[in-house]
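Colleague: Residue numbers (our numbering), protein chains in the order written: chain V, 98 to 297; chain P, 120 to 307.
Here a beta-carbon is modelled for each residue, glycine too, at the ideal position from N, C-alpha and C.
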């Protein structure tokens, strides 16, 4: 799963500003944790900057830069502490606790647009060795590992790794020895019916 | 140094002057260079003239307010401003019902991480990228340009160019592989 090409496609789409906001946040959270992807993304963004710079400039109606500055707030931007992508994506949803004897704990995470926009996010905690039942996906599903290890087929994903699935994936991902906490975002082209279609 | 690099270095110095001294003349130069390009970008994405003008002004206001976040080890000035414009566009197109989504905060988060590139490496990469783009077969360069700069899906690009969908995807992939090879980056 997640051939390099899939991750690369995701980074390219992000560089070109083509991801829906929740997915853009998820990829940002991945970038914050992965220096390797950050470098790759930096190059893809630089490519965008280069193509942007070569655009034929458009004529402006208002050409006075002072008119822009007149709109600037006098003070510097408010000093609200920066919130990272993950915190913004989770929007206060508490992490599912590790509970003895419970193999899988899942919490829905509300996302802008929601099921009507084909978006659905879930926080999952798997106990050590626990697995999800085999399931498929009605669209693209991107998973960010937050703690522990996620095993899928022959692949292992650790903290900060992204796992990408789509309509063609049928799998039963499982936690490694220390369990696993991960955030999955499902993105479909059409509205999602309720109840959650991903239930096996 | 090529003239493009000279321009880039001058614009980077202007961004620093805005950040450190709130230099309005430096901002005027940045505005003259970038505002028409930002507007052109937003027009291509499908905004009408007035929306594009308005959003371009907003982008330039963000440049004034956030100039301190520009880091020459992360991006050239054009790329930094392209990223701001791209974020504004995501924001404007898909106004989320919740206020939590603030794309411009992205820059702050990334600013806390280790820079992607070493000092001065970015100028070299930029030069290599420019050369690599020149060497791409024109049909590959064209598909890349449309993908980045126009709000069209792979399918829409295929329709517009009268190509099968698979050809569009493979041209993008081939172009990226070639750029990566030219830059000596290993496949991820």
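Going by alpha carbons, who is nearest to residue 164(V) out of 183(P), 193(P) and 188(P)?
Modeller: The option with the nearest alpha carbon to residue 164(V) is 183(P).
Colleague: In this structure, does DSSP put residue 190(V) in helix, strand or coil?
Modeller: Coil, per DSSP.
Colleague: Please return the same chain residues whose Cβ sits closer than 6 Å to the Cβ of residue 221(V), not counting the five positions on each side in sequence.
Modeller: Closer than 6 Å at Cβ, skipping near neighbours: 203 and 279.
Colleague: What's the C-alpha gap between residue 119(V) and residue 125(V)?
Modeller: The alpha-carbon atoms of residue 119(V) and residue 125(V) are separated by roughly 10 Å.
Colleague: By how many angstroms is the C-alpha of residue 197(V) removed from the C-alpha of residue 272(P)?
Modeller: Whole-angstrom Cα-Cα distance: 47 Å.
Colleague: Check whether the stretch 150–170 of chain P and the stretch 180–190 of chain V are in contact - that is, three or more C-beta pairs closer than 8 Å.
Modeller: No: the two stretches stay apart, fewer than three of their Cβ pairs being nearer than 8 Å.
Colleague: Name the DSSP bridge partner or partners of residue 228(V)?
Modeller: In DSSP, residue 228(V) forms a bridge with 271(V).
Colleague: Taking only three categories from DSSP, how would you classify residue 221(V)?
Modeller: Here residue 221(V) sits in strand by DSSP.
Colleague: What are the boundary residues of the beta strand (DSSP E) that residue 247(V) is part of?
Modeller: That run of the beta strand (DSSP E) goes 237–249.
Colleague: For residue 262(V), which option in 246(V), 272(V) and 284(V) has the closest C-alpha, if you only look at C-alpha atoms?
Modeller: The candidate whose alpha carbon is nearest that of residue 262(V) is 284(V).
Colleague: Rank 205(V), 135(V), 169(V) and 185(V) by C-alpha distance to the C-alpha of residue 143(P) and give the top, closest one.
Modeller: Looking at the Cα atoms, 169(V) is the closest of the given residues.
Colleague: Find the nearest neighbour of residue 247(P) within the set 224(V), 144(V) and 190(V), judged by alpha-carbon distance.
Modeller: Cα-wise, what sits closest to residue 247(P) is 144(V).
Colleague: When burial is assigned at 16 or more other CB atoms within 10 Å of the CB, is residue 185(V) buried or exposed?
Modeller: The residue in question, residue 185(V), is buried, as its Cβ has 16 or more Cβ neighbours within 10 Å.
Colleague: Using 10 angstroms around the beta-carbon of residue 150(V), count the other beta-carbons present and answer buried if the total reaches 16, otherwise exposed.
Modeller: Result: buried.
Colleague: One question on the structure: do residue 179(P) and residue 204(P) come within less than 7 Å of each other, judged by their Cβ atoms?
Modeller: No, Cβ-Cβ distance for residue 179(P) and residue 204(P) is not below 7 Å.
Colleague: With a threshold of 7 Å on Cβ separation, who are the neighbours of residue 158(P) within its own chain once the five nearest residues in sequence on each side are excluded?
Modeller: Correct list, in chain order: 171, 172 and 175.
Colleague: Using a Cβ-Cβ cut-off of less than 7 Å, list which residues of the stretch 251–279 of chain V approach chain P; keep chain order.
Modeller: Within the stretch 251–279 of chain V, no residue has a Cβ that lies closer than 7 Å to any Cβ of chain P.
Colleague: Counting pairs of beta carbons, one from the stretch 257–272 of chain V and one from the stretch 236–248 of chain V, are three or more of them closer than 8 Å?
Modeller: These segments touch.
Colleague: Using a Cβ cut-off of 9 Å, which residues of the stretch 138–155 of chain V contact any Cβ in chain P, in chain order?
Modeller: Here the close residues are 138, 139, 140, 141, 142, 143, 144, 145, 146, 147, 148, 149, 150, 151, 152, 153, 154 and 155.
Colleague: So that I know if they touch, is there some Cβ in chain P lying closer than 7 Å to that of residue 287(V)?
Modeller: Answer no: the Cβ-Cβ gap between residue 287(V) and chain P never drops below 7 Å.
Colleague: Under 7 Å between the Cβ atoms of residue 272(V) and residue 218(V)?
Modeller: No, these two residues do not count as a Cβ contact at 7 Å.
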